[in-house]
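Each residue of the sequence shown is one higher than the one before, counting from 1 in full-length UniProt numbering. I have placed the structure first, in the form of structure tokens, so that the comments after it can refer back to it.
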Amino acid sequence: MSALLDRKGLEMVLMRQDSNRSEVLNIKMAEFHLKSKIGEDIFERFPKNIKSLLLSSFCVKFSSPPLPDYCMLLYPEFRSLEGMIKEKLSNYNLVASEHDDIESFGCFFLKTQNGSFIIKQKYQSNILDKVIQNRLSDAYSFFNKHRNRLFHMDEHVDSSRMISDMNEMNRISETIYTHLKNLI
Numbered sequence: 001m002s003a004l005l006d007r008k009g010l011e012m013v014l015m016r017q018d019s020n021r022s023e024v025l026n027i028k029m030a031e032f033h034l035k036s037k038i039g040e041d042i043f044e045r046f047p048k049n050i051k052s053l054l055l056s057s058f059c060v061k062f063s064s065p066p067l068p069d070y071c072m073l074l075y076p077e078f079r080s081l082e083g084m085i086k087e088k089l090s091n092y093n094l095v096a097s098e099h100d101d102i103e104s105f106g107c108f109f110l111k112t113q114n115g116s117f118i119i120k121q122k123y124q125s126n127i128l129d130k131v132i133q134n135r136l137s138d139a140y141s142f143f144n145k146h147r148n149r150l151f152h153m154d155e156h157v158d159s160s161r162m163i164s165d166m167n168e169m170n171r172i173s174e175t176i177y178t179h180l181k182n183l184i
């Protein structure tokens, strides 16, 4: 169906307009859309909780009225990204709770001079595949850069990061989905 309809047409099929409110008619339709967006094979490989978060996020985003801030709509996707980073690390025996010197999964990464993160040298032997190392590093760099700024307030509250434009929210969302797909 997504091959036949553009985004607007697909939204009309997925949602019913009721004055200023939209509702996803069916969770199965949301699942269909997500599978067409990221690929059915990729969607099916996500852990059950990641699927639930992404479906919930999709439903809420598409039923959302115009808002002064859209940060909250990205929370399930960032939580999914966090989960996929942790899951991928655990596939290589890098589980924070199993290391005495590690407080959180972020401790497996080292911040570079340009602000991005890489897997710390002492853990690179756990992940010999450089592509996987790079994908984890890229995903964690994005996660670290955006998540805290979006979900925590600055000391000067009015200088805290907000997302007042749905296009910016969608751009961030698309980047999250790229990282999620790369971690499968």
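Don't be surprised by glycine CBs; every beta carbon is placed ideally from N, CA and C.
- Within its own chain, no residue has a Cβ closer than 6 Å to the Cβ of glutamate 103 once the five positions on either side in sequence are excluded.
- Residue range 109-111 is occupied by the beta strand (DSSP E) that includes leucine 110.
- Just so you know, the alpha carbons of leucine 54 and serine 80 end up roughly 7 Å apart.
- For phenylalanine 117, the enclosing beta strand (DSSP E) starts and ends at 117-119.
- In this chain, the alpha helix (DSSP H) harbouring phenylalanine 32 covers 27-38.
- Your pair isoleucine 85 and lysine 181 does not check out as a contact, with CB atoms roughly 13 Å apart and the cut at 8 Å.
- Residue environment analysis places leucine 73 among the buried positions, since at least 16 neighbouring C-beta atoms fall within 10 angstroms of its C-beta.
- Around the beta carbon of arginine 45, fewer than 16 other beta carbons sit within 10 angstroms, so the residue counts as exposed.
- Within the segment 128-165, the complete alpha helix (DSSP H) segments of 4 residues or longer fall at 130-151, listed in chain order.
- Cβ-Cβ distances below 8 Å link phenylalanine 142 to Leu81, Thr175, Ile176 and His179 in the same chain, with the five nearest sequence neighbours on each side left out; the list follows chain order.
- Within the same chain, Cβ atoms closer than 7 Å to the Cβ of phenylalanine 117 are found at Phe109, Leu110, Lys111, Ser137, Tyr140, Ser141 and Asn144, the five residues on either side in sequence being excluded.
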